[in-house]
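Have a look at the structure below before the remarks.
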Amino acid sequence: MATSTKKPKRKKTQKKLVIVESPAKAKTIEKYLGRTYKVVASKGHVRDLPKSRMGVDVDNDYEPNYISIRGKGDTIKALKSEAKKAQKVYLAADPDREGESIAWHLSHLLNLDPTDNNRVVFNEITKDAVKDAFKSPRSIDMNLVDAQQARRILDRLVGYSISPLLWSKVKKGLSAGRVQSIALKLIIDRENEIKNFKPVEYWTIDSEFKHKRNKFAASFYGLNGKKHDLPNNEAVQKVLAKLDPKGDFDITKVIRKERKRQPQPPFTTSSMQQDANRKLNFRTRKTMMAAQQLYEGINIGKAGSQGLITYMRTDSTRISTIAKHEASSFIHEKYGAEYAATKPIKGKLPEGAQDAHEAIRPTSVYRTPAEMKQYLTNDQYKLYSLIWNRFMASQMTPAVMDTMAVTIEQNGVTFKANGSKMKFDGFLKIYKDGKEKDNLLPDLNEGDTVKLAKTDPAQHFTQPPARYSEANLIKALEENGVGRPSTYAPTLDTIQRRYYVKLTARRFEPTELGEIVNAIIQEYFPDIVNVGFTAGLEKELDGIEEGDQDWVKVVDNFYKPFSTEVSHAQDTIEKVQIKDEPAGFDCDICGAPMVIKMGRYGKFYACSRFPDCRNTKAIVKEIGVICPKCHEGQVIERKSKRNRIFYGCSRYPDCDFVSWDKPVGRDCPKDGHFLVEKKIKGGIQVVCPNGDYEEPAQK
1 MATSTKKPKR KKTQKKLVIV ESPAKAKTIE KYLGRTYKVV ASKGHVRDLP
51 KSRMGVDVDN DYEPNYISIR GKGDTIKALK SEAKKAQKVY LAADPDREGE
101 SIAWHLSHLL NLDPTDNNRV VFNEITKDAV KDAFKSPRSI DMNLVDAQQA
151 RRILDRLVGY SISPLLWSKV KKGLSAGRVQ SIALKLIIDR ENEIKNFKPV
201 EYWTIDSEFK HKRNKFAASF YGLNGKKHDL PNNEAVQKVL AKLDPKGDFD
251 ITKVIRKERK RQPQPPFTTS SMQQDANRKL NFRTRKTMMA AQQLYEGINI
301 GKAGSQGLIT YMRTDSTRIS TIAKHEASSF IHEKYGAEYA ATKPIKGKLP
351 EGAQDAHEAI RPTSVYRTPA EMKQYLTNDQ YKLYSLIWNR FMASQMTPAV
401 MDTMAVTIEQ NGVTFKANGS KMKFDGFLKI YKDGKEKDNL LPDLNEGDTV
451 KLAKTDPAQH FTQPPARYSE ANLIKALEEN GVGRPSTYAP TLDTIQRRYY
501 VKLTARRFEP TELGEIVNAI IQEYFPDIVN VGFTAGLEKE LDGIEEGDQD
551 WVKVVDNFYK PFSTEVSHAQ DTIEKVQIKD EPAGFDCDIC GAPMVIKMGR
601 YGKFYACSRF PDCRNTKAIV KEIGVICPKC HEGQVIERKS KRNRIFYGCS
651 RYPDCDFVSW DKPVGRDCPK DGHFLVEKKI KGGIQVVCPN GDYEEPAQK
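Residue numbers for the sequence shown follow UniProt numbering, beginning at 1 and rising by one.
Written as structure tokens, this is what we have:
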């Protein structure tokens, strides 16, 4: 009888399951961990408070009623199936309160013990960081979970108490929140400052002096060595009357100094959002989206998917010792020892900063922006360059400037001139921002004389404060201790979607609706828009995270007086009538007058006989250009749901022409494509979208 040569089947080894938040991150981490691990994504939160009701039992220690998020059924089912088959389950959500909360919710859904050492955190998605993290898993940090839970419940109590009030008293679709109410108030307060601003006249006397063959600029400073203001032309003429234009002017003082210009610390979330807005013209949401992609992993050829930056939600400027050493080695190799700082700049943490993570930095400085450019989208490349340059600059020596301050006098009239020259560029070798131009003065010494070449008196008026840009508003929120790194982008997004504010020339302008909502909240819920109160609440949330505060007590101390305010407001506030404006033309369906109504996304035309006649029209602005696609309709200015201006054809939907950039009504002389206006720093430029043609920029 022949013996069987068939080998027995090898028993399948159970894999260890790792659950992260995003599929992109899952692919990168699975590659690092190897075949004994399976990495899957929860795709964000899996449980939350119900949307249809409050979901918080205020009579039972604010017990939250969490439910599985609608649409997540298949994901949860798949996670449960994988968890049953797994040898062990690790929860590797993001390293912050939100991530800790997601891990806790997953442990409940998958029947995992939250006290088990199954929580893994890493600040960067690199092979070494990920492998090191799995050597020391910990239990779920309930202080972090409670801090997040307290924030979520506070926001739900505020939102689901005030929002229905606004629906009944103003209009449906409105909302109110703790941080968004402060942001709205800041914008409206600034608008009121601008409206109430009274310009004050003042004058300057800019002059040009000549020393031998060299000319240089100086400005009037004062009389008899003391600073003197020029409130009007009469004061200017009195000064000019003292001067002998053809006589000598004496150099009475020359001060030469060496001034050091320090680099800035590496980015926090807030400073990254501000710089990306100022330098790249990125909206906050766009910045965070690109940063998330850079953090989760980019395919960089043979090396595969690599996380290029550290975790992008942080309020710390701290840098790991390993990263400092790597940066120092790179600077020595590339630029020389004189450029490497022995003690890199330390940033000052904002009050209340958690300092839980490092600053935002490249995971390896040897992956330079130039080398990574081929693997990145345009937005990713711009942001990565900004992050890489800022971090490298923070590890370099200061720039050194030779400065010269000169005092010029004649008949008791004092002028001053300042000059500077770069002595050593230091960190400016890689981080130029346009402020480093030399301003040279002639070689002047005390006792020298100079001649007056010309004077230029000019009238000025003080200017009102500027409206907030996204960058300035984030800075104001951070300085006031309101919100945290993860809250800024959704806050700015919400106040625009609700049409409480609109962006005009990249600056926030409140709408009529925003002013109505702010007035109600300010009168009936003063604590909600009190910057000090809200910042104090943030500190209490930090106290919960540190284990010093009980989350139920923090919520209770807020809710008891707040619920009384809600009852009072419900009984007191009268229905607000937002009056319709006449449109100036009649309805083309029934002939009744059309009016301008306020909608969720702004104003629109509607028939005055609504609801009997439901005719509506968008308010459009023609730009005087014929549609370059159908050559029949007019190009009109439209607004997206996010309140961003774009351009489309008036014959839509018959013609589907759209463009984010404004067409100019001319075709490219090279390829015949329609030309558009692009906004650039300091003006506009007409270009071909195909990139083959551009005209000189105009202011």
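Even for Gly, the Cβ is constructed at its ideal location relative to N, Cα and C.
query                                                                                                                                                                     : result
Which residue marks the beginning of the alpha helix (DSSP H) containing serine 292, and which one marks its end?                                                         : The residue you asked about is not serine; residue 292 is glutamine in the sequence shown. From DSSP, the alpha helix (DSSP H) with glutamine 292 extends over 284 to 296.
For the 8 Å Cβ check, are there 3 or more pairs between the region 217 to 228 and the region 504 to 521?                                                                  : no
Could you tell me the alpha carbon to alpha carbon distance between leucine 386 and alanine 489, rounded to whole angstroms?                                              : 19 Å
Apart from the five residues just before and just after isoleucine 626, which ones in its own chain have a Cβ nearer than 8 Å to its Cβ?                                  : Glu632, Gly633, Gln634, Val635 and Gly665
If you compare alpha carbons, which of Arg313, Thr616 and Asn518 is closest to glutamate 358?                                                                             : Arg313
What alpha helix (DSSP H) runs, 4 residues minimum, are completely inside the region 345 to 426?                                                                          : 369 to 372 and 378 to 394
On the CB-based measure, 16 or more other CB atoms within 10 Å of its CB, does tryptophan 203 come out buried or exposed?                                                 : buried
Could you have a look at lysine 579 and say whether DSSP puts it in helix, strand or coil?                                                                                : coil
According to the neighbour-count rule (16 or more other Cβ atoms, all chains shown, within 10 Å of its Cβ), is glutamate 98 buried or exposed?                            : buried
For histidine 105 and valine 555, I'd like the C-alpha separation in whole angstroms.                                                                                     : 20 Å
In the DSSP output, which residue or residues are listed as bridge partners for histidine 108?                                                                            : Its beta-bridge partners do not exist; DSSP assigns none.
Please classify cysteine 649 as buried or exposed, where buried requires at least 16 other C-beta atoms within 10 Å of its C-beta.                                        : buried
Using C-beta distances below 6 Å, list every residue in its chain close to glutamate 30, excluding the 5 sequence neighbours before and after it, in chain order.         : Val39
Closer than 8 Å: is that where the CB of methionine 312 sits relative to any heavy atom of the ligand ZN?                                                                 : Looking at this structure, you won't find the ligand ZN or any other ligand, since it has none at all.
Within 10 angstroms of its Cβ, does valine 200 collect 16 or more other Cβ (buried), or is it exposed?                                                                    : exposed
Within the chosen definition, does the region 162 to 178 reach the region 570 to 579 through at least 3 CB pairs nearer than 8 Å?                                         : yes
Helix, strand or coil for glutamine 149, going by three-state DSSP, please let me know.                                                                                   : helix
What residues in its chain sit with their C-beta under 6 Å from that of glutamate 351, if we drop five residues either side in the sequence?                              : Per-residue confidence for glutamate 351 stands at a pLDDT of 47, beneath the threshold of 50, marking its modelled position as unreliable; the derived number appears in the next sentence. Correct list, in chain order: Gly481.
Along the chain, where does the alpha helix (DSSP H) that runs through histidine 332 open and close?                                                                      : 321 to 334
Determine the direct distance from the alpha carbon of lysine 560 to that of glutamine 522, and round the result to whole angstroms.                                      : 18 Å
Do you know how far the Cα of lysine 227 is from the Cα of glutamine 410?                                                                                                 : 15 Å
Do you know whose CA, among Gly412, Thr414, Leu154 and Lys437, lies nearest valine 422's CA?                                                                              : Correcting the residue identity first, residue 422 is methionine in this sequence and not valine. If we check each option's Cα against that of methionine 422, Lys437 comes out closest.
Report buried or exposed for leucine 440, applying the criterion of at least 16 other Cβ atoms within 10 angstroms of its Cβ.                                             : exposed
Out of Gly159, Ser107 and Gln180, which has the shortest C-alpha to C-alpha gap to valine 145?                                                                            : Ser107
So leucine 165 packs on valine 501, CB below 8 Å; how close in whole Å?                                                                                                   : The pair is not a contact, with the Cβ atoms about 21 Å apart (cut-off 8 Å).
So alanine 399 and phenylalanine 427 are supposed to be a Cβ contact under 8 Å. How far apart are they, rounded?                                                          : 6 Å
Assuming arginine 507 contacts alanine 466 (C-beta within less than 8 Å), just tell me the rounded distance between them.                                                 : 7 Å
Which of the three DSSP states is assigned to phenylalanine 533 in this structure?                                                                                        : helix
Given a cut-off of 9 Å on the beta-carbon distance, is the pair proline 669 and glutamine 685 in contact?                                                                 : no
Name the one or two DSSP bridge partners that serine 81 has.                                                                                                              : Serine 81 is not bridged to any residue.
Could you spell out the range, first to last residue, of the alpha helix (DSSP H) harbouring glutamate 509?                                                               : Segment 507 to 510 is the beta strand (DSSP E) holding glutamate 509; no alpha helix (DSSP H) there.
If you follow the beta strand (DSSP E) that glutamate 208 is part of, which residue opens it and which one closes it?                                                     : 201 to 211
So, for aspartate 692: in the same chain, excluding its five sequence neighbours on each side, which residues have a beta-carbon less than 8 Å away from its beta-carbon? : Cys668, Lys670 and Asp671
Counting only runs of 3+ residues fully inside the UniProt domain "Toprim" (15 to 125), write out the beta strand (DSSP E) ranges in chain order.                         : 16 to 20, 37 to 41 and 88 to 91
Let me make sure I understand the geometry here. Which of Lys373, Tyr468 and Ile251 has the alpha-carbon closest to that of alanine 405?                                  : Ile251
Cutting at 8 Å between CB atoms, please list the residues of its own chain near glutamine 14, excluding the five before and the five after it.                            : Lys85, Ala86 and Gln87
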